[in-house]
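In this text, residue positions in the sequence shown follow our numbering: the first is 2, and each later residue adds one. Take a look at the structure set out below.
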Amino acid sequence: MRTISILGSTGSIGRQTLEVAEACGHRVAALSVNRSVELAEEQARKVRPDLVAAADEKAAADLRLRLADTPIRVVGGPQGLLEAASLPQADTVVTAVVGIAGLKPTLAAIDAGKRIALANKETLVCAGDLVMARARERGAEIVPVDSEHSAIFQCLQGCRDRGEVRRLIITASGGPFFGKSREELGQVTREQALRHPNWSMGAKITIDSATLMNKGLEFIEAMRLYAMPPEKISVVVHRESIIHSLVEFVDGAILAQLGTADMRLPIQYALTWPERTAGPAAPLDLLSCPPLTFHAPDPQAFPCLALALECARKGGTSTAILNGANEAAVALFLEDKVKFLDIPRLVAGALEQVEARTGAYSLEDVLQADRAARAAVDEMMR
Ligand code: MG
């Protein structure tokens, strides 16, 4: 059993982590939220953590009052988040914060030698080289929660030599707009984009799934996590979301992980690895599975994927620019301020305007690239 700290406990992954913890008997030592105080109070009363952190100071003050009758300590601001990430009682930190906001807390958890159950892909996209090097240095384990990367991680168990891997194959559901032409995509609404066919997820990642940027970010995440060059990774559209990803070996064998579209399984595996335990995820019934289909992705209709692959090959801080511009553009789309196809347009514009640093980079370079990308998106909106 693990003692866990959940960063982003009120989001989709955070809530499912609490279900896994309850079902499997893991202790929750800390919760962190942004500003959802009501749900945070409810969660805290239920699991009785030692610490609750709210990134928003006002939310922290409110939570402190709400939990005044309990021994739970409430902290606020960015510092509070770092405290939750490095709490001595916890051995595992589930990083379910959305966006680059997860970067510093992830580094803090690594520095504290925790196991990272990584559910924040933007961390590896923006600063993967730094994060992975720091984890190696500190001996911190990084176990992916993202379903595709968990599938690959599971397929690699028992592989003693990475030289035996020919290719990682990441599956993509294709999102709600699979098969649509560029013209048709010009007309789609926010509500349509938020309706994912297979997975129920937070708003940001659901939009990323509709643009296929999510698959681009996952491509970069896989490169960093498994130290694979881009030419050894491919993306295949698999509409049914039953195969969560595959690994092809040099002898031609392909291993795949199959399962229902239930994030509780990869969350649980990240906690219990290398062991497996019974858990709350429903098993897959092969006899009621639809036929499994595979298609090549369409980079013309979904330019975000092409942009991400370009940055993957370029490396350096280009992936932080890509991510920062995408976070800004998706926020604008969710506020109904831009159209669906403006997302790739704004990201491409930022990549053109902001110069990427190639080769080695520092944390400050990454944060600077992120700020410059957001500023470029702002500028294009004037
Ligand atoms: Mg995923």
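Virtual Cβ for every residue (Gly too), placed ideally from N, Cα, C. These numbers were taken from a predicted model, which means no experiment stands behind them.
> Heavy atom of ligand 1 less than 8 Å from the Cβ of ALA148, yes or no?
Replying inline: For clarity, residue 148 is Ser in the given sequence; the question names Ala instead. Under cutoff, so the answer is yes.
> When burial is assigned at 16 or more other CB atoms within 10 Å of the CB, is GLN80 buried or exposed?
Replying inline: exposed
> Thinking C-beta only, is ILE244 closer than 9 Å to LEU293?
Replying inline: yes
>> Less than 8 Å between C-beta atoms, sequence neighbours within five positions excluded: which residues of the same chain meet that for ILE268?
In response: The residues are ILE14, GLN17, THR18, VAL21, VAL95, ALA118, ALA120 and VAL146.
> Nearest to ALA109 by alpha carbon, out of VAL126, LYS122, LEU125 and LEU88?
Replying inline: LEU88
>> For SER235, which residues in the same chain have their Cβ closer than 8 Å to its Cβ, ignoring the five residues on either side in sequence?
In response: ARG168, LEU169, ILE170 and ILE171
> Using CA coordinates, which residue listed in LYS233, ALA102 and ALA302 is at the minimum distance from VAL189?
Replying inline: Out of LYS233, ALA102 and ALA302, the CA that lies nearest to the CA of VAL189 is found in ALA302.
>> ligand 1 and GLU311: does the residue's C-beta get closer than 8 Å to at least one heavy atom of that ligand?
In response: no
> If you draw a straight line from the alpha carbon of PRO304 to that of LEU104, how long is it in whole angstroms?
Replying inline: Using only the alpha carbons, I get a separation of about 26 Å.
> Can you list the alpha helix (DSSP H) stretches of 4 or more residues lying completely in the region 168 to 221, in chain order?
Replying inline: 183 to 186, 191 to 194 and 204 to 212
> Looking at GLY176 and LEU213, is the spacing between their C-beta atoms short of 9 Å?
Replying inline: yes
> Could you give the residue range of the beta strand (DSSP E) that holds PHE250?
Replying inline: Counted as a single uninterrupted DSSP element, the beta strand (DSSP E) harbouring PHE250 occupies residues 244 to 250.
> Are there 16 or more other CB atoms within 10 angstroms of the CB of LEU32, so buried, or fewer, so exposed?
Replying inline: buried
> Distance, Cα to Cα, GLU123 vs ALA102?
Replying inline: 9 Å
> With 16 other CB atoms within 10 Å as the buried threshold, where does PRO291 fall?
Replying inline: exposed
> Would you call the CB atoms of GLY9 and ALA97 closer than 9 Å?
Replying inline: yes
>> Short of 8 Å in beta carbon distance, which residues of its chain neighbour ALA30, apart from the five on each side in sequence? Order them along the chain.
In response: THR4, ILE5, SER6, PRO50, ASP51, LEU52, LEU88, GLN90 and ALA91
> Cα-Cα, which of GLU380, SER201 and GLN155 is closest to SER174?
Replying inline: Closest option to SER174, Cα to Cα, is SER201.
> What residues in its chain sit with their C-beta under 6 Å from that of ASP371, if we drop five residues either side in the sequence?
Replying inline: ILE101, ALA321 and GLY325
>> I want to know whether the region 135 to 151 touches the region 212 to 231 - three or more CB-CB distances under 8 Å.
In response: yes
> Along the chain, which unbroken stretches of the beta strand (DSSP E) at least 3 residues long are found entirely within the region 33 to 117?
Replying inline: Those beta strand (DSSP E) runs which fall completely within the region 33 to 117 and span 3+ residues are 52 to 55, 74 to 77 and 93 to 96.
> On the three-state DSSP scale, how would you describe PRO145?
Replying inline: strand
>> I need the straight-line Cα distance from ASN199 to GLY280, nearest angstrom please.
In response: The straight-line gap separating the alpha-carbon atoms of ASN199 and GLY280 is approximately 21 Å.
> Exposed or buried, what is GLU353 when buried is set at 16 or more other beta-carbons lying within 10 Å of its beta-carbon?
Replying inline: Exposed is the label assigned to GLU353, since fewer than 16 other Cβ atoms lie within 10 Å of its Cβ.
> Is the closest heavy atom of ligand 1 to the C-beta of GLU219 under 8 Å?
Replying inline: yes
> Looking only at DSSP bridge pairs, what is THR18 linked to?
Replying inline: None, per the DSSP bridge assignment.
> Would you say VAL237 and VAL166 are within 9 Å of each other, going by their C-beta atoms?
Replying inline: no
> Measuring CA to CA, which of GLU184, LEU157 and LEU310 is closest to GLN258?
Replying inline: That would be LEU157, whose Cα lies nearest to the Cα of GLN258.
> For ILE5, which beta-bridge partners are listed by DSSP?
Replying inline: VAL29 and THR93
>> Shorter than 8 Å, the distance from the beta carbon of ASN215 to the closest heavy atom of ligand 1, or not?
In response: yes
> Looking only at C-alpha atoms, which of PHE179, GLY187 and GLU184 sits nearest to ARG196?
Replying inline: For the options PHE179, GLY187 and GLU184, the alpha carbon positioned closest to that of ARG196 is the one of PHE179.
> What residue ranges within the region 275 to 358 form continuous beta strand (DSSP E) runs of no fewer than 3 residues, ordered along the chain?
Replying inline: none
>> Looking at LEU64: is its Cβ nearer than 9 Å to the Cβ of ALA55?
In response: yes
> Do you know how far the Cα of ASP209 is from the Cα of VAL99?
Replying inline: 12 Å
> By DSSP, does SER235 sit in helix, in strand, or in coil?
Replying inline: strand
> Exposed or buried, what is THR359 when buried is set at 16 or more other beta-carbons lying within 10 Å of its beta-carbon?
Replying inline: exposed
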